[in-house]
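Residue numbers (the UniProt record's numbering), protein chains in the order written: chain A, 1 to 338; chain B, 1 to 338.
All C-beta atoms, glycine included, are put in the ideal place defined by N, C-alpha and C.
Notes follow the structure.
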DNA sequence: ATGAAAGCGCTAACAT
DNA sequence: ATGTTAGCGCTTTCAT
């Protein structure tokens, strides 16, 4: 690396003190003559001078960096979430440090410590495996502001969230309105709280309508992935249901593939509804009906809250709710008796 | 933020000098008595002391950070690439700073300057819009090591790459072997060099076999996105070709949707082959035949090279090649005359 | 209108 | 075996 040009170099060449240069470059140079100001600015451009980040932050004690912890960055749900984060971070001139921990608690802790070492200003946590203990132990201990998403709602702290209970209800209502009487559910084998809410909302509508949903036979559990959904197709079919609610779109899309291979037609033989509204839903066959979560907005909203908290550090915990809504596509249709 | 505990606090409580603490904590403390070492280490644990990143790097002049510039992090191709980067970075205890610039040159420049300000140790650039000038002007000027991927091959510098020409040939051979005589091409309306290579390899085989591919009628150009492919379906169909090679999987998947809506059956009416092998290929209908690029490995390989370059700064430019190969799925089949 | 000097928290060369 | 001292590059208080 070439010898970096420092503020002292500029000062010397401009024939002024470092104070002068520093003040002018930080827009605090009103008190200096226009001539001096221009001279310094010109020199900055000439040498493309950029203040040393480490030196600067050592004094300012802020790295203008926010950490973002997601389970899997290759998953478009979180990819979009991160784009939301980035958009707001950029406006506020914060830099996001994004980590994908693959639901591995060890990795999560490692990245967490790395972030703390780098004196991040705050943290957006979109990871279900992050336990309350870890947060208490590592994050609260260091008094780092954080915002949660996709978490177990029992936890404390500021958060962005959607109404999962309502989302589940929306999905159920849609299927009920289509005339389905026997409905199956495909959910995680290791559900987080919000997933449980989602399912409870769903079941609530089912029960209200006196429809069939035997917890043992009609609730299939599998990993929350495309492959999980794919492999669960047989079990879903075995329930004999005419419609199925998958806990997220990834699973639903896997399920679509699995059903297809079993020569089951969607939605003719069975209706499928997912959850999330990832942008792939329009490109699978049939196009997936789903309940939309405003993913980008969630990332943006979380970041906005975080940055506010970093600046003002308001005391009371805040919760921001985002709407969910039905996106009707082609994977659901009216019940037709066989 | 609570008062941060510094090395001086530790030194005072341990009754030693800061040097002692510093040396011991940096594994350079052999010369101190075991008793002292243990006392210091214990204190570090007791207070969960972490050296201040900024102060440390101000001296060491290395932030152990690598910048990663991708066009779109919500795109699974780059998501997987980034995971490859992360896996290697972690081993070497580097932290990746990932930026998604959405092919916006202004954004790219902004992020670039941010990274330089933060004294990143090196850069992985997987962005086609990054021009040679920008690299020269900003990156080389600051003498930051970098590795390119998905770039215009005409540029200099270390790089990871796949043989796009060969990849194009593989795609063409596959279609030719299936008996297709009239083949169309769906490529970018703003192609990068590697895309041109890909297409040239493809055309080379077409020509060798004396098949039809009229540059004007049979080469459709559209944005390199799902929507681009989707909207190009009509044009592709108009060529009358019995098979089509899409420049990447995103486009191919969009095309699949577009063709479906035009009631065209794939592969019965027209065969479709894509390029990349993103993990969604298995979940669209029909499953997409494609040419695989080892995406994760490319990210990992680029990072490995970069870290080597950061450590040893070897002089000569290196190029590392990764293999491509055909992944046969369901979207291509033998030619059947209408 | 400008500058001298102190110091952020840390590392390392150079004593002792 | 341990400590003294001099910075790293920057911002800021307080003089002048």
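Spatial neighbours of residue 77 of chain B in its own chain (CB-CB distance under 7 Å, excluding positions within 5 residues in sequence) are listed in chain order as 276, 278 and 295. Counting only residues of its own chain and dropping the five nearest sequence neighbours on each side, residue 267 of chain A has a CB closer than 6 Å to the CB of 331, 332 and 333. Between the C-alpha atoms of residue 305 of chain A and residue 159 of chain B there is a straight-line separation of about 40 Å. Taking residue 217 of chain A as reference, the option from A:231, A:201, A:235 and A:223 with the minimal CA-CA separation is A:235.
Of all C-beta pairs linking the segment 85-102 of chain A to the segment 18-37 of chain B, fewer than three are shorter than 8 Å, placing the two stretches out of contact. In the DSSP assignment, residue 266 of chain A falls outside any beta strand (DSSP E), carrying neither H nor E.
A straight-line Cα-Cα distance of about 35 Å links residue 190 of chain A and residue 251 of chain B.
The beta-carbon separation of residue 293 of chain B and residue 162 of chain B, rounded to 5 Å, stays under the 8 Å limit for a contact. Judged by beta-carbon spacing, residue 123 of chain A lies beyond the 7 Å limit of residue 84 of chain A, meaning their Cβ atoms are not closer than that value.
Contacts between residue 97 of chain B and chain A, judged by CB atoms closer than 8 Å, involve 95 and 97 in chain order. Unbroken beta strand (DSSP E) stretches of 3 residues or longer found wholly inside the segment 78-153 of chain A: 95-100, 122-125 and 146-148, given in chain order. Setting aside the 5 residues that flank it on each side, residue 184 of chain B is surrounded in the same chain by 218, 220, 236, 239, 241 and 244, each with a C-beta closer than 7 Å to its C-beta; the list follows chain order. In this structure residue 69 of chain A touches residue 108 of chain A by the C-beta definition: roughly 7 Å separates them, less than 8 Å.
Neighbours of residue 79 of chain B in chain A, taken as residues at a C-beta separation under 9 Å, are given in chain order as 72, 73, 74, 75, 76, 78, 79 and 100. DSSP, reduced to helix, strand and coil, places residue 283 of chain A within a helical segment of the structure shown. Among the residues of chain B, those whose CB is under 7 Å from the CB of residue 114 of chain A are 95, following chain order. For the segment 291-309 of chain B, there are no residues whose beta carbon sits under 8 Å from a beta carbon of chain A. In the DSSP assignment, residue 326 of chain B is bridged to B:291.
Around the beta carbon of residue 75 of chain A, 16 or more other beta carbons sit within 10 angstroms, so the residue counts as buried.
Non-local C-beta neighbours of residue 176 of chain B in its own chain, meaning closer than 6 Å and more than five positions away in sequence, comprise 209, ordered along the chain. The Cβ neighbour count for residue 142 of chain A, taken over all protein chains shown within 10 Å, is at least 16; the residue is labelled buried. In the structure shown, residue 59 of chain A falls within a helical segment according to DSSP collapsed to helix, strand and coil. For a Cβ distance threshold of 7 Å, nothing in chain B lies close to residue 47 of chain A: the least Cβ distance comes to about 10 Å. Per the coordinates, the alpha-carbon of residue 248 of chain B lies some 20 Å from the alpha-carbon of residue 182 of chain B. In the three-state DSSP reduction, residue 222 of chain A falls in the strand class (E or B). Of all alpha-carbon atoms in B:92, B:326 and B:194, the one lying nearest the alpha-carbon of residue 291 of chain B is that of B:326.
DSSP, reduced to helix, strand and coil, places residue 276 of chain A within a strand of the structure shown. Within chain A, the residues placing a beta-carbon under 8 Å from that of residue 58 of chain B are 52, 54, 55 and 58, ordered along the chain. Contact annotation, residue 144 of chain B with residue 120 of chain B: C-beta distance approximately 7 Å; criterion of less than 8 Å satisfied. Residue 335 of chain A is not a Cβ neighbour of residue 211 of chain A, given a cutoff of 7 Å. Residues of the segment 258-275 of chain B that bring their beta carbon within less than 9 Å of a beta carbon in chain A comprise 260, in sequence order.
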